[in-house]
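Report on one structure; see the data block that follows.
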Amino acid sequence: WDFGDGSTETGAVVNHTYAHAGTYAARVFATNGMTTAVATTTVVVFALGELEPVQVSWVPQAPTIADSMTIAVQGIHRDSCIPTYAGHKIVGQTITIVTAPSTEFVCRPVETAWGYSIQLEPLASGRYTITHQLGSLIDHYYFVVTEVTGTAVPTFARSSLSVTISVDTPLRYVVQAVGNPPPHYSLLHGPAGMTIDAESGELRWTPTTADVGSVAVTVRATNRLGSADLTVAFIVTSGDEGSHTLFLPIVEGG
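Under the working numbering, think of the first position of the sequence shown as 255, with each following residue one higher.
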């Protein structure tokens, strides 16, 4: 067990007391000696007699060194003069977020929801503290950034290839790069009407007589670590085989 506050415990059933109010990402590890499973839950600890004026959350809850993060700050204010974002900074493994009270003079007496979010680039591995300050109210939140194994820039098995198809033949052609995190795909250059599925890398296109000849297509695979390009030359012929859908089994990078 890793309770997110710097303490750990071993056993099927454990008891733990948190010393301070705050939000903690608690993790439990189960192993059989060969493989290990991990589960993460968020624990919110309140001080006695104290309401929670502000809620701070983050995604992903269990980030790795390859993950960008979004930290959301939100709450319900007693009137329409809501707090606003004042700034944030990262020093070492402490992320400080400051919310400023409203400076308005006229406030409607109605409870008003407020909130904002900030974006963080991937962080180094380690245990982090989020300190949020709103006036005299200071809250602390904790999370852990872990290593991720097998990270890699996307790569294609080849940098170029050619495929022959016929006019009026609907094309379904999948290109796939190897990378971790899994890459997304974009079409840098291609003929009119060609599309690509950003998740699967499937190209879709039906060539016309105007496309007879060699048609160059460039696809880019991108993840957080970088990108790679693949050029495909589609040789379009005016054959009379009749219209049919072409499913090509070649998977680049497989």
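Cβ coordinates follow ideal geometry from the N, Cα and C atoms, glycine included. On a predicted model such as this, the values are computed, not experimentally measured, just so you know.
Residue i (DSSP reduced to helix, strand or coil)
i: Ala464; result: helix
i: Tyr439; result: strand
i: Ser371; result: strand
i: Asp451; result: coil
i: Gln430; result: coil
i: His270; result: coil
i: Thr423; result: coil
i: Ile330; result: strand
i: Gly265; result: coil
i: Ala411; result: coil
Whole-Å CB distance - residue i paired with residue j, under 8 Å assumed
i: Val327; j: Ile349; result: The pair is not a contact, with the Cβ atoms about 11 Å apart (cut-off 8 Å).
Straight-line Cα distance separating residue j from residue i
i: Gly329; j: Pro337; result: 9 Å
i: Phe320; j: Arg381; result: Sequence check: residue 320 is Ala here, not Phe. Approximately 15 Å, taken between the alpha carbons.
i: His270; j: Gln315; result: 21 Å
i: Ser356; j: Ser334; result: 9 Å
i: Thr460; j: Arg474; result: 21 Å
i: Gly447; j: Val428; result: 16 Å
i: Asn286; j: Thr366; result: 50 Å
i: Thr476; j: Pro435; result: 9 Å
i: Leu479; j: Gly433; result: 9 Å
Limits of the unbroken beta strand (DSSP E) element including residue i
i: Leu388; result: Gly380 to Leu388
i: Phe359; result: No beta strand (DSSP E) holds Phe359; DSSP gives it neither H nor E.
i: Trp459; result: Glu456 to Trp459
i: Gln309; result: Gln309 to Val313
i: Pro376; result: Premise fails: Pro376 is in no beta strand (DSSP E) and is neither H nor E.
i: Ala354; result: Thr348 to Ala354
i: Val398; result: Leu391 to Val399
i: Val402; result: No beta strand (DSSP E) contains Val402, which DSSP labels as neither H nor E.
Cross-strand partners of residue i (DSSP beta bridge)
i: Arg474; result: Ser440 and Asp483
i: Val292; result: Phe283
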